[in-house]
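So the sequence lines, in the order shown, correspond to chains R and S.
Residues in the first sequence are numbered consecutively from 13, following the numbering used here.
Residues in the second sequence are numbered consecutively from 5, following the numbering used here.
Built from N, CA and C at the ideal position, the CB exists for glycine as well.
In what follows, a single structure is set out as structure tokens and then discussed.
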Amino acid sequence: MHIMREVASEFANPVMLYSVGKDSAVMLHLAMKAFYPSKPPFPLMHVNTTWKFQEMIKFRDETVRRLGLNFIEYINEDGVKRGINPFDSGSSLHTQVMKTEALKQALDKYGFDAAFGGARRDEEKSRAKERIFSFRDRHHGWDPKNQRPELWRVYNTRINKGESIRVFPLSIWTELDIWQYILAENIPIVPLYFAKKRPVVERAGTLIMRDDERMKLLPGEKVEEKLVRFRTLGCYPLTGAIESDADTLEGIVTEMFTARTSERQGRLIDTDEKASMEKKKKEGYF
Amino acid sequence: MNAPTDLQKFLAAQEKKSLLRFLTCGSVDDGKSTLIGRLLYDTKLLFEDTLASLEKDSKKFGTTGGDIDFALLVDGLEAEREQGITIDVAYRFFATDKRKFIVADTPGHEQYTRNMATGASNSDLAVILIDARKGVLTQTRRHAYIASLLGIRHVVLAVNKIDLMDYSQAVFDRVVSDFHQFSARLNFASQVAIPLSARFGINVIEKSKETPWYTGPSLLSHLEVVDVDTALADTAFRLPVQWVNRPDLDFRGFSGTIAGGRIKPGQPIAVAKSGRTSTVTRIVTMDGDKAEAVAGDAITLTLADEVDISRGDVLSDPQARPVVSDQFAAHLLWMADEELLPGRQYLLKLGTATVPAQVSGLKHKIDVNTLDSHAARTLALNEVGYANFSLAQPLAFDAYRDNRDTGGFILIDRFTNATVGAGMIDFSLMRATNVHWQAVDVDKQARAAMKGQKPVVLWFTGLSGSGKSTIANLVEKALAGQGKHTYLLDGDNVRHGLNRDLGFTDADRVENIRRVGEAARLFVDAGLIVLTAFISPFRSERRMARELVGEGEFLEVFVDTPIEVCMRRDPKGLYEKAKAGKIKNFTGIDSPYEAPEQADLILKTVESSPEAQAESIVKYLRDKGYLG
């Protein structure tokens, strides 16, 4: 909350990037608290790749309506025209164009000078070294060697025209912290996190939910109804489900403290290339 | 499994756990990353897929010959993997049944010492690693000193790689005694030394049979029980205001994170800077009003009275107010490649307030090996000094030893916006509270009106030989001919008197311009049109001079002459001497000139005569109404 208030006070045009997932839910909840009784003094923006789960979009629209927030959706229309999609283009090109490029376009279009993101240091090795206030140059690039030291709770928020800062208020939270907080504060989350019978296809050892007709079946594949849930949410063709019967928050936390697999395993983009996350960040991905 | 019961037990246990934030530091290759990897591995916090990728990476990059290389768990970035050193601060999380931990893995390499200060600023304990084969090194001393400087009161001396010294007690004892000799002069409340081998897990989690002579706890058992409670909630109440919360005309709240003490509705508060007082009426949160809030809580307060409060103010206990002053003495750790320039204006951010500030006197720098003080004119990257600071406006603050949040500050370069220094306030300089500005009745406007002119500084800047003095002289003659009151401050002339004691280093150039700026300000105050002709190569100082006088009272005149032309003219034969190496720090030769980005007037001297240039300036002044 301290971090959010600093950003709201010191930047001309901040925005909160909202990915509809559980981390975004917690981040949004904290923003509602930080500025209460005022509304958060910045808009919420969703960079939509057009391949998100339908339930995510429904949940997103309900949340925005319920909280009465200023909301922006951004889609890379150029990418849509080029027909970029995760099946034919490959996951890395799809992510590059529809997520990384789209984010840069959106930040430039609206001239945002600070953007909140829900990334956490425990997610992945290169993220462990990310600052809370992460400085980006005019081209949204991230230079791991040229980051500002962060002492105490004093954040250097000064930038020149065209430069921007990405802000990670959940930086020191762990996945378990997130779930415990959702449980303690009873924060609404997308139903996909709860176990339910869903139509899934097993592909390359991962269970993919067939969310719409755009997913073509390969020879030998068949759709099965399985009791599954998701630990992390993204584009449905790139998000693996896990078999689980945890259909309540309590069930999820119980599953968590006995879990032996880290959450990013369900994300197919990470295993694409060595040190892929670090590479993506240098290019401007969150 | 009986899930609900187990879950409740689990959650209850989680709530009771306290959090320990600590950092690890040591020299390159002392095994910091390996130690943290070992703690994560042995406390079973690694997931199966992370383990699988670790085993794969160990074979590819590992330095342990096929065994699991724990350092690979924490050395994330590609560059450092290739170089085999940690280059940034990495934060790691683990937990045991007794405590939760956040570890800052900080770099050993000297050039990244600033990152260690970052890790230390948010930690309560430091684990200082020493390679048993190498003993106490310069880096060890530096790290112990920085930890102590940043207020860490508890240290663990981890004597690593003891396996390579045959688990020798004599080796261990010698390292510990060397360290104590040095650390006796530092302000640590507890120091515990432990012989370890991170690679083999000796004395990390459990005590090992290999060191029967060692009677103390294992590293983890010590970390689980060490008492680092700083009792911030028992100090004086401080709330630096971040944001004024005004959703509508009926609600006016003040949001911030409590930096010290506790507060309840009904208690009095004082606004430190203005001295105004009021009473807390509510502590407002989304989950309903609170009966009490303590240090660390992010809250919104409402007050009984309409008091003028904005971001940067500190609400405090009226019985124990912070100091309010525009001058203080502080320790300063320099974190930029470009050295500190005393007299240059930086931005100082303390809590939620940001003000222009300068180092008004560098007392000494501190040799981190011996803790001795040496006279110094500047600080380089990673050096620590003790300095007096002078601020453009007074701030409310405490001594750093009393409160880290209201006594620690950063310095920001005004052009690059980089964080260049970290400071810890020692005490206020009383001078500031006793010397007040003397108000006088005849003011600038009155003096200027008598002369029928508007006071202004015409600040000529450009290379040596560009024609500054020539043109300024012509302008002054023209103005004097029209009965205007002027004064010309010339670079060479001033150096014969006012600035006779200054040389040509960067630091002296800054001081030179500061004094000229102050002199120009006095003349403007006297109602004069001031012309200054100085190379004034740095943007920062020209900006400082501009900010000393009022809006519209400063015109930057860039005498834009290419260096080849200046060298050809060379009226004083200086370029010739500089090229021959007879003059050091000559602008344009071995000292930089930063051209203005937004000069009010630009004179291209190769395109027209000095007389024509002077005429154009006089015309500009007349058009803008400076000549009455």
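- Taking 4 residues as the shortest admissible run, the stretch 530 to 576 of chain S contains the following complete alpha helix (DSSP H) segments, listed from N- to C-terminal end: 543 to 552, 567 to 573.
- Looking at the DSSP output, residue 494 of chain S bridges to S/537.
- Residue pairing by DSSP places residue 249 of chain S opposite S/257 in a beta bridge.
- Spanning the alpha carbons of residue 121 of chain S and residue 28 of chain S requires a straight line of approximately 11 Å.
- Rounded to the nearest whole angstrom, the C-alpha separation of residue 191 of chain R and residue 74 of chain R is 21 Å.
- Taken in chain order, the members of the stretch 223 to 256 of chain S whose beta-carbon sits within less than 8 Å of a beta-carbon on chain R are 246, 247, 249, 250, 251, 255.
- Three or more beta-carbon pairs drawn from the stretch 156 to 174 of chain S and the stretch 191 to 200 of chain S are found closer than 8 Å, and the two stretches are therefore classed as touching.
- A Cβ-Cβ distance of about 4 Å is found for the pair residue 276 of chain S and residue 318 of chain S, placing them in contact under the 8 Å criterion.
- Counting C-beta atoms within 10 angstroms of its own C-beta, residue 36 of chain S has 16 or more neighbours from the protein chains shown and is therefore classed as buried.
- With respect to chain R, the C-beta atom of residue 539 of chain S has no partner C-beta closer than 9 Å.
- In this structure, the beta-carbon distance from residue 479 of chain S to residue 621 of chain S falls below 9 Å.
- Close CB contacts of residue 558 of chain S within its chain, under the 6 Å cut and outside five residues either way in sequence, are with 461, 550 (chain order).
- One Cα belongs to residue 202 of chain S, the other to residue 39 of chain S, and the distance between them is close to 5 Å.
- Under the three-state reduction of DSSP, residue 517 of chain S is assigned to helix.
- When only Cα atoms are considered, residue 90 of chain R and residue 45 of chain S end up about 46 Å apart.
- Residue burial is scored here from C-beta neighbours: residue 610 of chain S has fewer than 16 other C-beta atoms within 10 angstroms and is therefore classed as exposed.
- DSSP, read as helix, strand or coil, puts residue 221 of chain R in strand.
- Under the 9 Å criterion on CB atoms, residue 46 of chain R is classed as interfacial with respect to chain S.
- Contact check for residue 103 of chain S against residue 22 of chain S passes: the beta carbons are separated by less than 9 Å.
- Within chain R, the residues whose beta carbon sits less than 7 Å from that of residue 339 of chain S are 161, listed in sequence order.
- Remark: fewer than three beta-carbon pairs, one from each stretch, lie closer than 8 Å, so the stretch 348 to 365 of chain S and the stretch 290 to 302 of chain S are not flagged as touching.
- Residue 287 of chain S sits close to residue 304 of chain S, with the two beta carbons spaced by under 9 Å.
- A buried status is given to residue 147 of chain S, since no fewer than 16 other beta-carbon atoms sit within 10 Å of its beta-carbon.
- In the structure shown, residue 345 of chain S adopts coil according to DSSP, grouped into three states.
- The beta carbon of residue 199 of chain R lies closer than 6 Å to those of 37, 41 in the same chain, with the five residues before and after it left out.
- For residue 275 of chain S, the enclosing beta strand (DSSP E) begins and ends at 272 to 275.
- Contact of residue 181 of chain R with chain S by beta-carbon distance below 7 Å is absent, the smallest such distance being about 11 Å.
- Neighbours of residue 288 of chain S across chain R, judged by C-beta separation under 8 Å: 48, 49.
- Less than 9 Å divides the Cβ of residue 326 of chain S from the Cβ of residue 410 of chain S.
- In terms of Cα proximity to residue 490 of chain S, the closest of S/342, S/630, S/597 is S/630.
- Scanning its chain for C-beta atoms nearer than 8 Å, with the 5 sequence neighbours on each side dropped, one finds around residue 619 of chain S the residues 482, in chain order.
- Between residue 31 of chain R and chain S, the shortest Cβ-Cβ separation is not below 9 Å.
- Pairing residue 174 of chain R with residue 27 of chain R, the inter-Cα distance amounts to about 15 Å.
- Here residue 13 of chain S is exposed, its C-beta having fewer than 16 other C-beta atoms within 10 Å.
- Residues of chain R whose Cβ lies closer than 7 Å to the Cβ of residue 30 of chain S do not exist; the shortest such Cβ separation is about 18 Å.
- Beyond the five residues adjoining it in sequence on each side, residue 228 of chain S comes within less than 7 Å, by CB distance, of 100, 102, 103 in the same chain, given in chain order.
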